[in-house]
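Enquirer: Residue 1 is where the first sequence starts when you use this note's numbering, and the numbers rise one by one after that.
Glycine is no exception: its CB is placed at the ideal position from the N, C-alpha and C atoms.
Remember, predicted model here, so these are calculated numbers, not experimental data.
Take a look at the following structure, please.
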Amino acid sequence: MPELPEVENVGRALLANLQGRRLTGLKVSFAGVLDPSAAAVRRRLVGARLEGLHRRGKYLILHFAHDDGRPAYLMLHLRMTGQIFILDGYVPDKHVHLVMDFEGLPVHYRDIRKFGRLSLVEDGYEPAAMAHIGPDMLTVPARQWLERIVRRRGPIKACLLDQGIASGLGNIYVDESLFLARVHPLARPCDLEEAELREVLRRAKQVLRLALRHGGTTFMNFTNFQGKPGNFRRKLRVYGRAGQPCRDCGASLEKITVAGRGTVYCPRCQPDPS
DNA sequence: AAGATTACCTGAAGGC
DNA sequence: TGCCTTCAGGTAATCT
């Protein structure tokens with residue numbers, strides 16, 4: 001499940017391998033992953049060079065430019081199971097839906113569940129299609145984040161998953177952040193002290209940076225562009241560990257449902273808010 | 001109007 | 001070549 005650190009890794013790989021290269025071909029075998037049609041995307045992008053790239057939350061926006069300077073942008077979201085492979089001798093299977101050719105270097109897009117999207121956008125790194133997406137979780141100033149969350153009455157876990165408040169956290173890193181901050185997933189931001197909220201943000205940034213350094217978390221499907229799994233899984237404190245002992249206090253970790261998501265927490269380290 | 005639910009997909013896992 | 005149900009979760013759309 002790609003969240004901010006996994007998406008950042010993908011972005012770095014794309015930049016490192018493709019910056020300055022020209023897109024020379026585009027093959028699409030499942031049209032649903034591309035918006036609009038392959039023909040329309042080809043018309044805008046083939047012949048353009050990859051100039052740069054921007055990430056906000058779990059979105060990547062690739063900036064292409066034609067020789068006359070005319071810009072074009074491709075917005076990418078991997079959703080649940082999207083993967084990019086840039087790998088010598090990679091053999092596509094039935095889940096590879098799109099191949100971009102960069103002057104002989106093939107870039108494969110694979111997506112088992114077909115939730116991911118590559119979308120042509122015309123309005124740069126801050127497109128209207130992302131107007132409802134909040135600031136990036138890794139860089140949002142504490143003051144701005146507090147303003148956006150402090151009056152919320154829903155469970156803090158739902159707020160952290162809400163990409164409109166701040167973007168980048170998914171189910172894994174939300175549970176990890178709340179555990180490190182010693183905050184119960186059902187606690188309401190409007191009931192918490194400012195210091196507790198600040199601690200949640202501090203821990204979220206910490207866990208994202210740490211996961212990034214370890215190449216992301218491979219739980220189900222994530223691998224990097226060369227097909228290697230991330231190493232952060234063995235660092236997880238609560239996610240995927242329901243019924244196992246808390247690494248800090250030994251209590252049995254509990255599993256509940258919050259905002260429709262499986263949620264693991266320590267009943268002793270993260271005391272019930274009520 | 002924020003919060004909750006469902007649709008979109010496939011594969012893994014478990015019960016029988 | 002076992003069948004069926006449940007679960008996994010990011011986001012948009014649709015409810016209440």
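With DSSP as the reference, please indicate the residues paired to residue 49 in a beta bridge.
Expert: 22 and 65
Enquirer: Expressed to the nearest angstrom, what Euclidean distance is found between the alpha-carbon atoms of residue 158 and residue 69?
Expert: 43 Å
Enquirer: Taking the runs of the alpha helix (DSSP H) that are 4 residues or longer, which of them lie wholly in the region 149-176?
Expert: 156-161
Enquirer: Helix or strand or just coil, what does DSSP make of residue 254?
Expert: strand
Enquirer: What would DSSP say about residue 1, mapped onto helix, strand or coil?
Expert: Secondary structure of residue 1 (DSSP, three-state): coil.
Enquirer: Would DSSP call residue 245 helix, strand or coil?
Expert: In the three-state scheme derived from DSSP, where H, G and I count as helix and E and B as strand, residue 245 is classed as strand.
Enquirer: Restricting to Cα atoms, I'd like to know which of 250, 15, 273 and 233 is closest to residue 50.
Expert: 15
Enquirer: Does residue 271 come out as helix, strand or coil in the three-state DSSP assignment?
Expert: coil
Enquirer: How big is the Cα-Cα spacing for residue 196 and residue 145?
Expert: 13 Å
Enquirer: Would you mind working out which of 111, 125, 79 and 89 sits nearest residue 72, comparing C-alpha positions?
Expert: Comparing Cα-Cα distances from residue 72 to each of 111, 125, 79 and 89, the minimum goes to 125.
Enquirer: Give me the residue from 29, 105 and 160 with the minimum Cα distance to residue 114.
Expert: 29
Enquirer: Among 264, 258, 259 and 232, whose alpha-carbon lies nearest the alpha-carbon of residue 246?
Expert: 264
Enquirer: Using a Cβ-Cβ cut-off of 8 Å (strictly less than) and excluding sequence neighbours within five positions of residue 190, which residues of its own chain qualify?
Expert: 150, 151, 152 and 153
Enquirer: Going by the CB atoms, is the gap between residue 203 and residue 167 shorter than 8 Å?
Expert: no
Enquirer: Hey, is the region 222-241 in contact with the region 253-267, meaning 3+ C-beta pairs nearer than 8 Å?
Expert: yes
Enquirer: In three-state DSSP terms, what is residue 100?
Expert: strand
Enquirer: So is the beta-carbon of residue 217 under 7 Å away from any non-hydrogen atom of the ligand NAP?
Expert: For the ligand NAP, the structure offers nothing, since it holds no ligand at all.
Enquirer: Should the region 41-49 be called in touch with the region 83-96, which here means at least 3 C-beta pairs below 8 Å?
Expert: no
Enquirer: Residue 131 by DSSP, collapsed to three states: which one?
Expert: Residue 131 falls in the coil class under three-state DSSP.
Enquirer: Return the Cβ separation of residue 268 and residue 249 in integer angstroms, given the expectation that the two are a contact with Cβ distance under 8 Å.
Expert: 5 Å
Enquirer: Which same chain residues end up closer than 6 Å to residue 112 when comparing Cβ atoms and leaving out the 5 residues on each side of it in sequence?
Expert: Non-local beta-carbon contacts of residue 112 in its own chain, meaning distances under 6 Å to residues more than five positions away in sequence, involve 81 and 95 in chain order.
Enquirer: Which first and last residues belong to the alpha helix (DSSP H) in which residue 201 is found?
Expert: For residue 201, the uninterrupted alpha helix (DSSP H) run begins and ends at 194-213, by DSSP.
Enquirer: Using DSSP with H/G/I as helix, E/B as strand and the rest coil, what is residue 237?
Expert: coil
Enquirer: Does the Cβ of residue 272 have 16 or more other Cβ atoms within 10 Å, making it buried, or fewer, making it exposed?
Expert: exposed
Enquirer: Please list, in chain order, all residues of the same chain as residue 66 whose beta carbon is under 7 Å from its beta carbon, the five residues on each side excluded.
Expert: 47 and 48
Enquirer: Taking DSSP as the reference, what is the three-state secondary structure of residue 85?
Expert: strand
Enquirer: Where DSSP assigns a beta bridge to residue 216, which residues make up the other side?
Expert: Per DSSP, none; premise fails for residue 216.
Enquirer: CB-CB under 7 Å to residue 41, same chain, minus the five flanking residues each way: which ones, in chain order?
Expert: 26, 34 and 120
Enquirer: Determine the DSSP secondary structure at residue 71, reduced to helix, strand or coil.
Expert: strand
Enquirer: Given this structure, state the Cα-to-Cα distance separating residue 37 from residue 210, to the nearest angstrom.
Expert: 39 Å
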